[in-house]
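Novice:
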Amino acid sequence: MKEETSNNSRRKFLKSVGISIGAAGVVSGFSLLGAAKAAAQEPRETVNLLTQDGQLVQVDKDQLRPTVTEPLTELQKRGREGIAGKSFVMVIDLSKCRNARKCMDACQNHHQLRPDQHHINVLQMQDAEHTAPYFMPKPCQHCDNPPCTKVCPVDATFKRQDGIVLIDNERCIGCRFCIAACPYSARIFQWTEPKDPEKYKDLTYNIEANVPQKKGTISKCLFSADRLREDKLPSCVSSCPNGVYYFGDQNEDAVTNGTTHETVRFSKLIEENAGYTLMPELGTKPRVYYLPPKNRAFEFNGDLLNEENLH
Amino acid sequence: MKNTIKIIASLFLLFVFTASVAKGQDWNVPASAKNKQNPYEASTKNISSGKKIYNINCKSCHGDAGMGNMLPLQPVAPSDLGSQAFLIQGDGEIYYKINKGQGAMPTFEKTLSDEDKWMVITYLRSFDKNKKESKQVAEVVNPEVSDVNLVLDINNEEKKINANLSGVTEKGDRVALQGIELSIKVKRSFGYLDISGDDAYTNEKGNVTIQFPADLPGDREGHVNLLVKVTDDAYYGEVSVDRISSIGLPTDPVNPLDERAMWGTRANAPIWIILSYVGGVISIWGVIFLVLFQLIQLPKMAKNKE
Chain A
1 MKEETSNNSR RKFLKSVGIS IGAAGVVSGF SLLGAAKAAA QEPRETVNLL TQDGQLVQVD
61 KDQLRPTVTE PLTELQKRGR EGIAGKSFVM VIDLSKCRNA RKCMDACQNH HQLRPDQHHI
121 NVLQMQDAEH TAPYFMPKPC QHCDNPPCTK VCPVDATFKR QDGIVLIDNE RCIGCRFCIA
181 ACPYSARIFQ WTEPKDPEKY KDLTYNIEAN VPQKKGTISK CLFSADRLRE DKLPSCVSSC
241 PNGVYYFGDQ NEDAVTNGTT HETVRFSKLI EENAGYTLMP ELGTKPRVYY LPPKNRAFEF
301 NGDLLNEENL H
Chain B
1 MKNTIKIIAS LFLLFVFTAS VAKGQDWNVP ASAKNKQNPY EASTKNISSG KKIYNINCKS
61 CHGDAGMGNM LPLQPVAPSD LGSQAFLIQG DGEIYYKINK GQGAMPTFEK TLSDEDKWMV
121 ITYLRSFDKN KKESKQVAEV VNPEVSDVNL VLDINNEEKK INANLSGVTE KGDRVALQGI
181 ELSIKVKRSF GYLDISGDDA YTNEKGNVTI QFPADLPGDR EGHVNLLVKV TDDAYYGEVS
241 VDRISSIGLP TDPVNPLDER AMWGTRANAP IWIILSYVGG VISIWGVIFL VLFQLIQLPK
301 MAKNKE
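Note that the protein sequences, when read in sequence, are chains A and B.
When we follow the UniProt record's numbering, the leftmost residue of the first sequence carries the number 1, and every step to the right adds one.
When we follow the UniProt record's numbering, the leftmost residue of the second sequence carries the number 1, and every step to the right adds one.
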């Protein structure tokens, strides 16, 4: 009998606790609702905002929230991991390049670079004395066997699962071993304060854009990894006016032209146009392919240093 | 004296500059080239294929024909190729300009085939308001229809895609629509890959059947995102179907980080390199410690001897 009563009392106790917790929940819920209603009735300070489609709307000041930017650690983590299941490749059609240099402008804009700093550079090439000169854009080759990551003493530069080689400016100690190791001279060193430091100073460092740039560290082409996350083509690819660049995912066997937005089979494009990579003898396995400057769209317009020929 | 030289120099530069600008606008089309005639007829098929070539090769600078949304290039903006001011010239003249190019206009002599160039001209001519001779070929005329329906039938075994286009007539019958071009596309990361081939026009039963490329990769299970649409929205508005189908080649993406390699970060270094490095460190420090230890032992040994 005694046991039963004790059991009963426990049950009662539990019941009462449950009810009181439930009631507290309901009451607090109502009080929240009430508070919200009261807040809605009170006239609040409003702010005029322009929506994306160009309409002026009034928004309660309390409803405004600062834009949430990912914290540094999150950006670093996803930047190190890369985009799963992708394998990015670039194809550069040399027959279309006429040295418009829009790729360089877009790149320098995106990555906070001065006009003399290049993640991508358009070079004037002539392979031998009697061969025809041509223009060759040269970004980082994002090698599958990158010499640069081998020499980094602090794990600052690394390759991701989607094939992109990045540099973490927060880790980089500026030893410049990677510059020495890179056979393509794709890396630059920030000798001085970067461009517009004031403008970028409050920005959280994004490892996928190397922005804000940091004095005393290395910077390099990133295939615009931050844009790829939003399914956008890299800055250089989409800014080219002459259809030089194709970019895409090798796993899908498709590359898209940044100018014409035509999507073609990667393997066919390389096969039919005798695509090649730079310095294959080094075994670096670049991810940037070139199509030879045959059947050119433009005549070669001469010396780069001659101002008149620049446009 | 210096000033006059400067003035003369700047005048000369100005002259050279204006001359070059003027040169950019002038086209010297030889009379023989002007007489060339377009050997292709202005059929819907030709116009449609011309439009495709135009969109890939010309649109990025010239904009949509007739819309005037060309790139604002300096010093000479590209002309609107659908405007009457442009179409006043003969076919041969346009053909010559496509071939040769000038200034910012590339040459298409070798990058486009002759047929492609004439197709583009055929397409542009379709904007010409005073077309001298109407070469419209008698084509299939579909009845007025509403409720246009596009049905997809995918054969995963044979990798065949069949699309059927039909509409409801005024009498209420559902009839097949013939001679309408369809675009069959596969979604890729940055755009749609067109796999419809050259002749994706519906037959008298309203069907288009195409072979899906056997080596086109899908995801792990071979899933691809297909989009089939009526190419020209002008007929029935936007008619399209998308479908996810396991018609692609199943592809397992390779993660390069799965293997240990020399280029990998510390955590991904090859085992032999970790072992030989650690072994080297241990053996060198071991020798040093051994020597130190024996040095410490020396006085003890001396004591023992005594």
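Every residue gets a Cβ at the ideal spot worked out from N, C-alpha and C, and that includes glycine.
Remember, predicted model here, so these are calculated numbers, not experimental data.
1. Please report the straight-line C-alpha distance between Thr131 (chain A) and Ile161 (chain B), rounded to a whole angstrom.
2. By DSSP's criteria, Asn121 (chain A) is part of a beta bridge. Which residues make up the other side?
3. Let me confirm a value: Arg243 (chain B) is counted as buried when at least 16 other C-beta atoms fall within 10 Å, else exposed. Which label applies?
4. Using a C-beta cutoff of 9 Å, does Pro270 (chain B) count as contacting chain A?
5. For Lys91 (chain B) and chain A, any beta-carbon pair shorter than 9 Å?
6. How many angstroms separate the CA atom of Asn155 (chain B) from the CA atom of Ala274 (chain A)?
7. What are the residues of the region 236-257 of chain B that lie near chain A, defined by any Cβ-Cβ distance shorter than 7 Å?
8. Please classify Asp105 (chain A): does DSSP put it in a helix, a strand, or coil?
9. With distance defined between alpha-carbon atoms, name the residue in A:Arg114, A:Asp162, A:Val154 and A:Pro194 nearest to Arg176 (chain A).
10. Taking C-alpha atoms, which residue in B:Asp252, B:Cys61, B:Val76 and B:Pro270 lies nearest to Arg260 (chain B)?
11. Could you tell me whether the region 210-230 of chain A touches the region 250-263 of chain A, using the rule of 3 or more Cβ pairs below 8 Å?
12. Rounded to the nearest angstrom, what separates Gly302 (chain A) and Ile56 (chain B) at their Cα positions?
13. Report the three-state DSSP secondary structure of Phe108 (chain B) (helix, strand or coil).
14. Specify, as a first and last residue, the run of the beta strand (DSSP E) that Arg243 (chain B) falls within.
15. List the endpoints of the continuous beta strand (DSSP E) containing Ala128 (chain A).
16. Nearest-angstrom Cα distance between Lys229 (chain B) and Ser183 (chain B)?
17. Sort A:Lys86, A:Phe298 and A:Asn121 by Cα distance to Cys236 (chain A) and report the nearest one.
18. Go ahead and pull the three-state DSSP assignment for Phe247 (chain A).
19. Compare the beta carbon distance of Asp226 (chain A) and Glu208 (chain A) with 9 Å and say whether it is the shorter of the two.
20. Along the chain, where does the alpha helix (DSSP H) that runs through Phe158 (chain A) open and close?
21. What three-state label does DSSP hand Glu230 (chain A) in the structure shown?
22. Is the shortest distance between the beta-carbon of Ser134 (chain B) and the beta-carbons of chain A less than 9 Å?
23. Give me the subset of the region 244-255 of chain A whose CB atoms are less than 7 Å from a CB atom of chain E, sorted by chain position.
24. Does the region 286-297 of chain B come close enough to the region 252-267 of chain B that 3 or more CB-CB pairs lie under 8 Å?
25. Using a Cβ-Cβ cutoff of less than 8 Å, which residues in the same chain neighbour Asp105 (chain A) once the five nearest sequence positions on both sides are dropped?
26. In the DSSP output, which residue or residues are listed as bridge partners for Asn206 (chain A)?
27. Assuming Phe300 (chain A) and Tyr134 (chain A) are in contact, meaning their beta carbons sit under 8 Å apart, how far apart are those beta carbons, in whole angstroms?
28. Quick check on Lys110 (chain B) - is its C-beta less than 9 Å from some C-beta in chain A?
29. Here's the rule: buried if 16 or more other CB atoms are within 10 angstroms of the residue's CB, otherwise exposed. What is Asp114 (chain B)?
30. For Leu233 (chain A), decide whether its Cβ has a neighbour in chain B, counting only Cβ atoms nearer than 9 Å.
31. Report the rounded CA-to-CA distance for Gly92 (chain B) versus Gln178 (chain B), giving the unit in angstroms.
32. Quick one: what's Phe189 (chain A) bridged to in DSSP?
33. How about Pro78 (chain B) and His62 (chain B): do their beta carbons lie closer than 9 Å?
34. Could you check whether the Cβ of Met136 (chain A) sits closer than 8 Å to any heavy atom belonging to the ligand NAD?
35. Check whether the region 78-90 of chain A and the region 158-169 of chain A are in contact - that is, three or more C-beta pairs closer than 8 Å.
36. Can you tell me where the beta strand (DSSP E) holding Gln211 (chain B) begins and where it ends?
Specialist: Taking the definition as stated:
1. Position 131 of the first sequence, counting from 1, holds the residue named residue 131 (chain A). Position 161 of the second sequence, counting from 1, holds the residue named residue 161 (chain B). Their Cα atoms are separated by approximately 48 Å.
2. The residue given as residue 121 (chain A) occupies position 121 in the first sequence. Bridge partners of Asn121 (chain A): A:Lys138.
3. Your numbering for residue 243 (chain B) matches position 243 in the second sequence. The residue is exposed, with fewer than 16 neighbouring Cβ atoms inside 10 Å.
4. Translated into the one-based positions of the second sequence, residue 270 (chain B) becomes position 270. By this cut-off, Pro270 (chain B) is not an interface position.
5. Residue 91 (chain B) sits at position 91 when you count from the first residue of the second sequence. Note that residue 91 (chain B) corresponds to Asp in the displayed sequence, not to Lys. No, Asp91 (chain B) lies away from the interface with chain A (no Cβ there is under 9 Å from its Cβ).
6. Your numbering for residue 155 (chain B) matches position 155 in the second sequence. Your numbering for residue 274 (chain A) matches position 274 in the first sequence. Straight across, the Cα-Cα distance linking Asn155 (chain B) with Ala274 (chain A) is about 35 Å.
7. Thr251, Pro253, Asn255, Pro256 and Leu257
8. For the purposes of this step, residue 105 (chain A) is taken as the residue at position 105 of the first sequence. Residue state, collapsed to three classes: helix.
9. What you label residue 176 (chain A) is simply residue 176 of the first sequence in a count that begins at 1. Out of A:Arg114, A:Asp162, A:Val154 and A:Pro194, A:Val154 has the C-alpha closest to the C-alpha of Arg176 (chain A).
10. Position 260 of the second sequence, counted from the first residue, corresponds to residue 260 (chain B). Among B:Asp252, B:Cys61, B:Val76 and B:Pro270, the Cα nearest to that of Arg260 (chain B) belongs to B:Pro270.
11. no
12. Locating residue 302 (chain A) in the first sequence gives position 302, where the first residue counts as 1. Locating residue 56 (chain B) in the second sequence gives position 56, where the first residue counts as 1. Each residue's Cα considered, the two are about 28 Å apart.
13. Here residue 108 (chain B) refers to the residue found at position 108 when the second sequence is read from its first residue. Note: Phe108 (chain B) maps to coil in three-state DSSP.
14. By 1-based counting over the second sequence, the position of residue 243 (chain B) is 243. First-last of the beta strand (DSSP E) with Arg243 (chain B): Ser240 to Ser245.
15. Numbered from its first residue, the first sequence carries residue 128 (chain A) at position 128. Careful: Ala128 (chain A) lies outside any beta strand (DSSP E) and carries neither H nor E.
16. In the second sequence, counting from the first residue as 1, residue 229 (chain B) sits at position 229. In the second sequence, counting from the first residue as 1, residue 183 (chain B) sits at position 183. Going by the C-alpha atoms only, they are around 5 Å apart.
17. The residue you call residue 236 (chain A) lines up with position 236 of the first sequence. Of A:Lys86, A:Phe298 and A:Asn121, the residue nearest in Cα terms is A:Asn121.
18. By one-based count along the first sequence, residue 247 (chain A) stands at place 247. Looking at Phe247 (chain A) - three-state DSSP - the assignment turns out to be strand.
19. One-based indexing of the first sequence puts residue 226 (chain A) at position 226. One-based indexing of the first sequence puts residue 208 (chain A) at position 208. Result yes, Cβ atoms of Asp226 (chain A) and Glu208 (chain A) sit closer than 9 Å.
20. Taking the first sequence and counting its residues from 1, the one referred to as residue 158 (chain A) is at position 158. No alpha helix (DSSP H) holds Phe158 (chain A); the beta strand (DSSP E) holding it covers Thr157 to Lys159.
21. Residue 230 (chain A) sits at position 230 when you count from the first residue of the first sequence. Three-state DSSP puts Glu230 (chain A) in coil, outside helix and strand.
22. By 1-based counting over the second sequence, the position of residue 134 (chain B) is 134. Low confidence applies here, because Ser134 (chain B) scores a pLDDT of 49, under 50, leaving its location unreliable; read the following figure in that light. Taking Cβ atoms only, chain A never reaches closer than 9 Å to Ser134 (chain B), which makes this a no.
23. You won't find chain E in this structure, because its protein chains are A and B.
24. Counting Cβ pairs under 8 Å, fewer than three are found: no touch.
25. The count along the first sequence starts at 1 and reaches residue 105 (chain A) at position 105. Closer than 8 Å at Cβ, skipping near neighbours: Ser239.
26. Taking the first sequence and counting its residues from 1, one reaches residue 206 (chain A) at position 206. Asn206 (chain A) is bridged to A:Val211.
27. Locating residue 300 (chain A) in the first sequence gives position 300, counting from the first residue. Locating residue 134 (chain A) in the first sequence gives position 134, counting from the first residue. Right, the Cβ-Cβ distance comes to about 6 Å (below 8 Å), so this counts as a contact.
28. Residue numbering aside, residue 110 (chain B) sits at position 110 when the second sequence is read from its first letter. Lys110 (chain B) counts as touching chain A.
29. As a position in the second sequence, residue 114 (chain B) is number 114, starting the count at 1. Asp114 (chain B) counts as exposed, since fewer than 16 other beta carbons sit within 10 angstroms of its beta carbon.
30. Against the first sequence, residue 233 (chain A) aligns to sequence position 233. Taking Cβ atoms only, chain B reaches closer than 9 Å to Leu233 (chain A), which makes this a yes.
31. The residue you call residue 92 (chain B) lines up with position 92 of the second sequence. The residue you call residue 178 (chain B) lines up with position 178 of the second sequence. Distance between the alpha carbons of Gly92 (chain B) and Gln178 (chain B) is about 34 Å.
32. Here residue 189 (chain A) refers to the residue found at position 189 when the first sequence is read from its first residue. In the DSSP assignment, Phe189 (chain A) is bridged to A:Ile218.
33. The residue labelled residue 78 (chain B) in the question sits at position 78 within the second sequence. The residue labelled residue 62 (chain B) in the question sits at position 62 within the second sequence. In contact: Pro78 (chain B) and His62 (chain B) (Cβ atoms closer than 9 Å).
34. Summarising the ligand content, the structure contains no ligands, and the ligand NAD is consequently not present.
35. Cβ pair count under 8 Å is three or more, so yes.
36. On the second sequence, residue 211 (chain B) is found 211 positions in, with the first residue counted as 1. Per DSSP, Gln211 (chain B) belongs to the beta strand (DSSP E) from Asn207 to Gln211.
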